[in-house]
Every structure is written in structure tokens, then in C-alpha cells.
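Peer 1: Chains as they are written, first to last, in this note's numbering: chain A, 1 to 208; chain B, 1001 to 1208; chain C, 2001 to 2333; chain D, 3001 to 3333.
We treat Cβ as the ideally placed atom computed from N, Cα and C, and that holds for glycine.
Below: one structure in C-alpha cells.
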Ligand SMILES: Nc1ncnc2c1ncn2[C@@H]1O[C@H](COP(=O)(O)OP(=O)(O)O)[C@@H](O)[C@H]1O
Ligand SMILES: Nc1ncnc2c1ncn2[C@@H]1O[C@H](COP(=O)(O)OP(=O)(O)O)[C@@H](O)[C@H]1O
Ligand SMILES: [Mg+2]
Ligand SMILES: [Mg+2]
Ligand SMILES: [Mg+2]
Ligand SMILES: [Mg+2]
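So this is what it looks like as C-alpha cells:
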């Protein structure tokens, strides 16, 4: 049982709602160790996508994710715009024009997304970035797949691992992104991008 | 029994001390309905006088008051500088080069001071200015003189009347000076210049 | 109190020393008495233009000393008009024999001190004229009061009269021009937060997070009224309406619109407000022919703004466009 | 939050509209995407100089668009780097066939978005070069981190490269010049009080009345360390020492000293600080040959300042002195 175009649109629309619901939380996290715009920028980007996807009515899951990519790139700005945008671009490419997402395709797409973020941002695990949420998420998804999980199971495993990965950024001293300017003072705070990554994966898992 | 050069210097030095002691009070009064510089400006002027008078060692009471006048004019600035300066200039002129101040000469000097303030500032009683302290002070001093008071008695009467006159400025709406810009909002506050006038006269009375 | 200063009692002189090293070719500054003069003063054959007042309004007045504007500025202590001897020193410094014009903001202290200085200078044989500017419409005018304050219009007056002096106008013509400008310029200001005077150490007035002061001056004195915080649209409409209806400025008028920051209001907000003001004037049929946008007459770090309107004619436009080279205003050279 | 605005979500565009009407002869501004371009762009035969970044640093970058400086600026949302499509639109607007040079402040977001835009423009056949400026010595540099921030040096870079482009230098020479400037400019900043981002509504950081932030950036991010409030002498010494020892600047060097206000620090304090900085440099045998004093790269209404030093040679002095006509910087024309 895979997931078609409708399902992908529904999942990403649910993700957009989650971002809006957590807009203030993400702004506050970014205010403390960054410049306070992460929540507002992501909200703007995902809300634009919700409008765009109904207008454009893309035909395949890959086309939907590609539309999300271009929308994020052209409306979010900051670091998260290109990073999430590239992630989606790579994910869309890996999905191709398949009519349905399979559990395997889902894990492949997540891996492609991670490779996109790393390719753009050059961050390594432990740098206190979204990579610290996405990396364990991809590994957990892979394991779940090998244990025969369906898409829902794959995404739940990814979301759980992303939550842990995000929480694990709290003690870290940032080496990438704006928080790195604080040096030691960045330790003791949750990284906003890792948090938004965990929130997005959770939203996808719950609507899959 | 009159008051010679030494006595006048002593009295004005005492006045300088009183101004410094009340510097913050005058600043605060002026902060509320003005621009907060009255206490600082008067302190600067009178302290400069204390230094100047020992250096210049003027020979007569009139010369001492004339030195105070020029010092205030050249160091106080704002409205109070020229107003108190002109007051002292006129007072000095009325004293002339008499070796001693008599009770009569004292009242005449106070009247001359008032005429100087009015000539410069064009304020009338009730405008919420130092004139509201100085006018009743002159009248009370005159009455005391007619009742045979000595210099001390004359100045105590002036100081008492100035206190009442200053207190009476509280309900007034300012028509002159910076407080006039507040319109109705100036009512309910003691006028800083009226207060400083009362403080100065009290200092003179106590050292006479 | 949070300020980048060493000692509240030496702020003005310390700041002037920095200004002197920052503009060595432009200014010649003395400290006792404090006078900011054009490096090449006196300019032979030229009428000297002198202004001054309390410090804390920077760049006014020292930032406007230079070619095509002031020959000298006399900075008093913070918010305290300078003393006659300092003003007299400035007059002597710029007097080239053609006379000196004093541009005085209408505050009791400034008027009295400049008056005394003028008398002293006249006694020394210098021909001196004074023009008092009182463009603040927030203060109701009356012969029984101290009258209106001199605010934003002062900047425009100094530029226009300075340009006329530079082209060689004599003292009489400059006196008349200055009075003409005073008669056709109006301003109104507001504040979101109070400034803190160094020697006071606490804010000049206390304002709640949801309040603002309307009809404010430039010395931290409270305004005419305290009202609930409003949107930029409402704030600018208040100011423009008050200014336009006072003169009044009418449909068909050509004006210079000066949108001024009181110091703490950043450019992003100021441009936003300026755009609203231009829209309001356009809807009234008033043509904005020239503009000035920025912090030019301030009240220390006070957050707030003011709107100044000047009715223009061809001569005033030429004078405005004429070259000016000062620390704060420069073009055409 | 106290600001003269209508709606936090439209601040940037509302402000750009005001800037457009304030400078009709100088600028041509589009809003979607937001681009502030020279009125006469593209200038035939000339290399286009483009910069940009988040808004809230005014007058940077839009205030530096004009003759002898930038051909276009790309303003993002407040403290948010602009998106590739907006940057690409700016590139197209200024491309006259001689290529376009992008001046990028070193922030992950700016670098990534400008990088993407450059790729898109190259794909469209425009020759694009990018130079990243990272002059903030407060941030320890390292290949493992995001590296140093681009701060005050950006203003000087835009002026110098803009002047060289105006005199006709080709893309290669401009690229080399820009890298040379980046290699010889250093900055350090501090703050007394935090700014408030419109869409956040509360101060970016909380500072006690007796504390200050040292090594601050221009996005309201806290600095490297929080220390007790100090005197101007101590503050400026901290900044100058950090900047001088980093490059290092040495005895005999000729430099441009840029004393910058973060927005909320008034001119009276800034000149005071500037004077202290000149004294410290003189005592080190460093000659201040040129200066810039004012709020040119700000962080909304943040109270604070920064010191930027650029080592000069004859060519850089000529480029600095060359005519410039922008909303915020103007001389020689
Ligand atoms: N080099 C990088 N690689 C991966 N993620 C990064 C990198 N730099 C920043 N991030 C992520 O971006 C988040 C900040 O996003 P955002 O606030 O939108 O960008 P900006 O810092 O430009 O305001 C950080 O919390 C971090 O997770
Ligand atoms: N026209 C006037 N006539 C008489 N006294 C005046 C006049 N204007 C102001 N004053 C007095 O001066 C006082 C303010 O002095 P000061 O603060 O030194 O001047 P400034 O208002 O220039 O700061 C007022 O409290 C008032 O008593
Ligand atoms: Mg951010
Ligand atoms: Mg006062
Ligand atoms: Mg005063
Ligand atoms: Mg940002």
C-alpha cells in the first residue's frame, strides 16, 4: 500500500499547518541563539506552497515535492530556504515520476534530502544544525524499512529519531549557522532548524 | 548694623552651597515640566562664582554682586542664566559702591532684581515663573522694612513670602518658559525657578 | 543610564573633540568657549551666519557648519542654550565686516542669551541681526506665552539662508529671506520613548508600552498630549494634518517635505513614515518638490519623528539645490 | 514593541515605497521581487555591482545604490537574506553585458541564496562573480565553522568597488580589488541594548542596566561575551585593540577609520567615541587618512557601535574620494 499524489499533498499540507502552529516556538528558539526569523520564514514558505499546490495541481508525488522545493527556495530566504529547498529538490529527483510513493522510495527520498542539505550546508553531525535531526532520521527509517515497515512505520521511525536528534543538539556548541557566532554561549539551547526538521517529519508520519 | 563686603560674600557662598545641596531636587522639578537642567546649570554657575570671588576679591558689596551677575551670565546658560544674571546686575547697580548694605539698600536691591527679571523675561505674576516667588518677596521685605526690621528680618520676610509664592505656582498653568509648552499638563507641578528663588532667599536670610 | 560616554559633565566637549578630528578640513573648533566654526572663517565679503543652542540635537547645529550653510555654531550644554560670551566669540570669529545674522530657535533661554550676545557684539562695532524661528505648530501661539518652539524648520532655514549668504546676499536681504522662510515653514513631532539627559540619568518622561507623546519638542519635555500608541498611518496623518492646516498649505502648493527622526527611530521606519506623508500630501493636491529624510534635528536617542513642511517658490528651490558641504548635509560639491 | 509601522509583515515593502518616493531621480524600486536599482540601470559598458541581504541594516544596502557605488541592492525580509529569484532579478536589471559582481556578506543564508542566484544567472548567460566579505574579528575563523560575519567593512567595500566599476574597471579587476579590500578590512562591534525585530515583537536579547554585549553582530544575535557596562574610553579601547591586533594594523599604516552607530546610538556619543579611537590609533603610530562617522550599517534601533579599519594605499584613497551619489553617501557631485 503506497501513497499517491493526493496523499503526498495531504501530508505536506498537514506539515504546513504544523509549521504555522509552531511558528512562535521556532521564532523564539531562533531569537535566543540566532536572529528570530526561522519560524516566520518557514511559515511564509509553507503557506505559499499550500496556495500554489492547489493552483498548480501537480500530477505526481515527485511534481508535488518539486513544487514545494521551488516554493521554499523562492519564498523562505535565510539559511533554511536554500537548505530545505535543496533537500526537497533532491528528494523530488529521487522520486522521479513514479505515480506512487513506496516505503523504499520514501526512505530513498529522505536520504536524498539529507544529501542535499549536506551538499549545500557542509554541516557534519554534531555541528548543531538540522543535520543532527535528519541524519538519525534517515538511519532509523532505513532500519524500519528493513524490518518490513510500511510508509507510516518508516516515517514514525524517522520522526522519533529526529526528535531525539533535535533534543541532542541542546548541549552542543554550534559550529555552523548563525548560532556559531555565539561560540560557547550557543550550548544549552535547542537548535531551531533541528526542531523544525523533527516537527515536519512528525507531521508527515501522522498523516501517512 | 549693616552688612559689609565680607558678609555679602559669606551670604552668597552659603547660597552657592544651598544650590549644590538642592541640585538634584531642582533637576527633578525641571525634568517633569521642563528639560531637567535647572539644578545642574545653577550649581555650575554658583560654584564658578565661589572660585571667582576668592580670586577677584571684590572690594564692595556692589562689586561682589556684580561679579555674581557676570559669572551667572557667562556660565549658567538657559533661561535662568540671563534672568538671574540680569537680576544681580540691576541689584549691583542699585547698591552702587556703598561700603555696607543697609536694610533699606537690601530692599531696594531686591526690587531692582525683580525689575531686572521682569525686564528680561516679560513674565507677569501668575505665569508660573520665578517672578511668582520674587514679587511677593519684595513686597514682604518692604513691609518688614517699614516695621523697622534689620537686614536679617527683611530677608526672613522675603524668604517666607518666596516660599509661599513658590508653593502657589503648583496649581498654575505655565504661560512663560519651557513649562508653557505643556499647556494644561504644566498644572500640578512646582516651578523650578520659583523654587530656586525661594531657596536662594532663604540661604541669604539664614546667613545675614 | 546606558550611553557611550566617559563623564556626563564632559559629554559636549568630549564629543566636539571627536568632531574636530573627524572633520579637520571642514571645521575649526574651540572648546572654551565652545564654538564650531568653518575652517576658513571669516569668509571675506560674506555675511556670517551663526546659529546655536543646547547640545543633544546633533547633527544640528555643528553638523551644518560649512560651505553654503552656517559659518559657526554655538553648542551649549545638553539642552541648555549657550551663554552670551560663547555666542559673541562665534560672532567675532565669522565677522568679515559684512555683518552677522543670528538664527535663533524660539526658546526663552536661547532668545535671551543671543539677545545679550548681539548687544555685546554691536557694542564692539559688529552689525548683528537676529531672526527667531518658531515653527512648531504643537504649541499654541500667543503674545502672553513663550510662544512656539523652533524645531525642524531650523534645518531648512540654515540651509536656505546659508546658500543665499554664499551667493553674496547682504545682511538686509538675508534678514528678509530668513523672515520669509520662518513665515512659510511649519513642523510637528511625536515620541515613542523619552531620551535620557546625561546629567539627569533617568528618562525625561515615563511612557507606558502602549502610549506615545504627541506634540513633543526636542528637549525631552513631554508633548501636548499623551495618547494610545497608533499605527504609522495614524501617527503620520496626525502630524501632516496639524502642519498642513496650520499655515495652511493648500492644493497647488509646492513644498519641501522634511521627515525627521528624533534620533532613536531607524531609517526603515522613517522611510515608511515618509511614504505615508507623501501620499497624504498628494491626496491634498500638494506637490512635494523637494525632500529631506533622516535624523537631522534630534533629541539625543529619543524614539520618534517629526514632519516639517516648507512652501517653496523658484528662489527657495534654487537655494535648496545650491551646493552645500557640511558634516551632515552635502551635495553639489 | 514600539515602532512607527503599520504591520510587521509589510514593514520592508512599506519602507521601500517611502524610499522610492523620497528618491525618484536616484532609484527605481520593484517590490515583487524586491529590488532597489539605480534609476539608469543598466549602465552601458559598466560592470554591474549588486549587493543585498536581510533588511533592518539601513541605509545598507539600498541607501548605497547610485553613481559610484551599487547598481542594485536586494533587500530581504528583516534579518533574512533575500531569495535567489530576487537576487537574479537584480542581476538581470543591472547586467549591461560586462558582467555582474555580487558583494555578499558572509552569512550562511546570504552565501547560499546568492550562490543559487549566480548559478541561475550564469545559466541565463550572464557572467557573474561573487566576493564574500567576512571582516568581523569577534568571530573566530575556522574552516569547520560558518566563519566570520560580514559587517562594517561591507560599506567600504561597496564604495571602493563601486568607484572602480564607475571608472570602467572590468570584472576581473573588480573581483581582484574586492578580494584585496576584504583582505585588509576588519571590524568589531558592541551593543548597549537589543533591537526588536518587528515580527518577533520582543527584544532580541535581554541585557541588564549594567551590562553590555561585546562582539555583537548586526542581526540582534548576542555577542561573544556579556560584560559589565564600561566607559566610552574602555569600550572603544576594546574595539580598537581587537581590530588592530587582528590584521594586524601596524605603525606607519594609513587607514580609513569608520566609526559606525548600530542605529540607536546618537551622533553626540558616536563623535565622542570616534575621537577616542583616533587618539588610540595615533598612539600606535597609525595614520587616519580618511574617516566615516555615522549610522551606515545598523541593526534596527539597536544601541551600540562598531569600529572598522581599512588599510589604505593611494589607489584605495582615490577610489574612496571618487564622486558618489546615493541616498546615504554623497560627495563630489
Ligand atoms: N551550514 C548549515 N547546514 C545545515 N543546517 C544549517 C546550516 N546553517 C544553518 N542551518 C540551520 O538553519 C537554521 C536557521 O535557519 P534560519 O533561521 O532560517 O536561517 P538564518 O540563520 O539565515 O536566519 C539553524 O537552526 C540550523 O539548523
Ligand atoms: N520669561 C520668563 N520670565 C521669568 N522667569 C522665567 C521665564 N522663563 C523661564 N523662567 C524661569 O526659568 C526657569 C527654568 O530655568 P532653566 O531650566 O535654567 O531654563 P531652560 O528652560 O532654558 O532650561 C523656570 O522654572 C522659570 O521659573
Ligand atoms: Mg534565523
Ligand atoms: Mg531647564
Ligand atoms: Mg535648558
Ligand atoms: Mg535570518
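Are the Cβ atoms of residue 2100 of chain C and residue 2132 of chain C separated by less than 7 Å?
Peer 2: Result no, Cβ atoms of residue 2100 of chain C and residue 2132 of chain C do not sit closer than 7 Å.
Peer 1: Quick one: what does DSSP say residue 119 of chain A is sitting in, helix, strand or coil?
Peer 2: In the structure shown, residue 119 of chain A sits in a helix (DSSP, three-state: H, G or I).
Peer 1: Quick one: is the Cβ of residue 2114 of chain C within less than 6 Å of any heavy atom of ligand 5?
Peer 2: No, the Cβ of residue 2114 of chain C stays beyond 6 Å of every heavy atom of ligand 5.
Peer 1: For residue 1170 of chain B, which residues in chain C fall below 8 Å Cβ to Cβ?
Peer 2: Simply none; closest approach about 17 Å.
Peer 1: Can you give me, in chain order, the residues of the segment 3005-3022 of chain D that have a beta carbon less than 7 Å from any beta carbon in chain C?
Peer 2: From the segment 3005-3022 of chain D, only 3005, 3006, 3011, 3014, 3015, 3017, 3018, 3019, 3021 and 3022 have a Cβ closer than 7 Å to chain C.
Peer 1: Across the segment 2270-2283 of chain C and the segment 2204-2221 of chain C, are there enough close Cβ pairs to call them in contact, namely three or more that are closer than 8 Å?
Peer 2: Counting Cβ pairs under 8 Å, fewer than three are found: no touch.
Peer 1: Report the rounded CA-to-CA distance for residue 3042 of chain D versus residue 3048 of chain D, giving the unit in angstroms.
Peer 2: C-alpha separation (whole angstroms): 7 Å.
Peer 1: Taking any heavy atom of ligand 4 as the mark, which residues have a C-beta closer than 5 Å to it, listed down the chain?
Peer 2: That gives B/1030, B/1034, B/1035, B/1037 and B/1038.
Peer 1: Kindly list, in the order they appear in chain D, the residues whose Cβ is closer than 7 Å to that of residue 2263 of chain C.
Peer 2: Neighbours of residue 2263 of chain C on chain D, chain order: 3266.
Peer 1: Using a Cβ-Cβ distance cut-off of 7 Å, determine whether residue 192 of chain A contacts chain D.
Peer 2: For residue 192 of chain A, the answer is no, since every Cβ of chain D falls outside 7 Å of its Cβ.
Peer 1: Interface residues of chain B around residue 2238 of chain C at Cβ under 7 Å?
Peer 2: Those within 7 Å of residue 2238 of chain C in chain B number zero; the least Cβ separation is about 17 Å.
Peer 1: So, is residue 1051 of chain B buried or exposed, given that buried needs 16 or more other C-beta atoms within 10 angstroms?
Peer 2: By the neighbour-count rule (16 or more Cβ atoms within 10 Å), residue 1051 of chain B is not buried but exposed.
Peer 1: Return yes when at least one heavy atom of ligand 5 lies under 6 Å from the C-beta of residue 1078 of chain B, else no.
Peer 2: The answer is yes for residue 1078 of chain B.
Peer 1: Listed in chain order, which residues of the segment 3185-3196 of chain D have Cβ atoms closer than 9 Å to some Cβ of chain C?
Peer 2: Listed in sequence order: 3190, 3192, 3193 and 3195.
Peer 1: Report yes if the CB atom of residue 1195 of chain B is closer than 7 Å to the CB atom of residue 1029 of chain B, and no otherwise.
Peer 2: Yes, these two residues count as a Cβ contact at 7 Å.
Peer 1: What first and last residue would you give for the beta strand (DSSP E) that runs through residue 2249 of chain C?
Peer 2: Counting along the chain, residue 2249 of chain C falls outside any beta strand (DSSP E), and DSSP gives it neither H nor E.
Peer 1: Based on DSSP bridge pairs, tell me the residues matched to residue 3258 of chain D.
Peer 2: D/3292 and D/3308, per the DSSP bridge assignment.
Peer 1: On the DSSP bridge assignment, give the partners of residue 3130 of chain D in chain order.
Peer 2: In DSSP, residue 3130 of chain D forms a bridge with D/3102.
Peer 1: Helix, strand or coil for residue 3136 of chain D, going by three-state DSSP, please let me know.
Peer 2: Residue state, collapsed to three classes: strand.
Peer 1: At least one CB of chain C closer than 7 Å to the CB of residue 3275 of chain D: is that the case?
Peer 2: Cβ-Cβ to chain C under 7 Å: yes for residue 3275 of chain D.
Peer 1: Could you tell me which of D/3071, D/3056 and D/3078 sits nearest to residue 3161 of chain D, measuring between CA atoms?
Peer 2: Comparing Cα-Cα distances from residue 3161 of chain D to each of D/3071, D/3056 and D/3078, the minimum goes to D/3071.
Peer 1: What does DSSP give as the partner residues of residue 3341 of chain D in its beta bridges?
Peer 2: Outside the modelled stretch of chain D, which goes from 3001 to 3333, sits residue 3341 of chain D, for which no answer is possible.
Peer 1: Between residue 1190 of chain B and the rest of its own chain, which residues show a CB-CB distance below 8 Å, the 5 nearest in sequence each way excluded?
Peer 2: Cβ neighbours of residue 1190 of chain B beyond the five flanking positions: 1029, 1166, 1167, 1169 and 1170.
Peer 1: So what does residue 2031 of chain C bridge to, in DSSP terms?
Peer 2: C/2034.
Peer 1: Taking 6 Å as the limit between beta carbons, can you name the residues of its chain near residue 3107 of chain D, skipping five residues before and five after?
Peer 2: Cβ within range, chain order: n/a, list empty.
Peer 1: May I ask you to verify whether the segment 1142-1158 of chain B touches the segment 1120-1130 of chain B, counting CB pairs closer than 8 Å and requiring at least 3?
Peer 2: They do not touch, by the three-pair rule.
Peer 1: Taking residue 2344 of chain C and residue 2060 of chain C to be in contact with their CB atoms under 8 Å, please state how far apart those CB atoms are, rounded to whole angstroms.
Peer 2: Residue 2344 of chain C cannot be examined here, being either before or after the span of chain C that is shown, 2001 to 2333.
Peer 1: Count the other CB atoms, across all protein chains shown, that sit within 10 Å of the CB of residue 1105 of chain B; report buried if there are 16 or more and exposed otherwise.
Peer 2: So residue 1105 of chain B counts as buried.
Peer 1: Tell me whether residue 2184 of chain C counts as near ligand 1, meaning its Cβ is closer than 6 Å to at least one heavy atom of that ligand.
Peer 2: No, the Cβ of residue 2184 of chain C stays beyond 6 Å of every heavy atom of ligand 1.
Peer 1: DSSP three-state call for residue 3317 of chain D: helix, strand or coil?
Peer 2: The answer is helix: DSSP assigns residue 3317 of chain D an H, G or I state.
Peer 1: Short check: CB of residue 2052 of chain C to CB of residue 2074 of chain C, under 7 Å?
Peer 2: Closer than 7 Å, so yes.
Peer 1: Determine the extent of the alpha helix (DSSP H) in which residue 136 of chain A is found, giving its start and end residues.
Peer 2: Taken as a continuous stretch (DSSP letters only), the alpha helix (DSSP H) holding residue 136 of chain A covers 131-146.
Peer 1: With a threshold of 7 Å between beta carbons, is residue 2106 of chain C in contact with chain B?
Peer 2: Cβ-Cβ to chain B under 7 Å: no for residue 2106 of chain C.
Peer 1: Counting only runs that start and end within the segment 41-75 of chain A, where is the alpha helix (DSSP H) found for 4 or more residues in a row?
Peer 2: Counting whole runs of 4 or more residues, the segment 41-75 of chain A contains the alpha helix (DSSP H) stretches 61-75.
Peer 1: Grab the span of the beta strand (DSSP E) containing residue 2213 of chain C for me, first residue to last.
Peer 2: 2211-2214 is the span of the beta strand (DSSP E), which, as asked, contains residue 2213 of chain C.
Peer 1: Answer yes or no: does any C-beta atom of chain D fall closer than 7 Å to that of residue 90 of chain A?
Peer 2: Not closer than 7 Å to any Cβ of chain D, the Cβ of residue 90 of chain A fails to qualify, so no.
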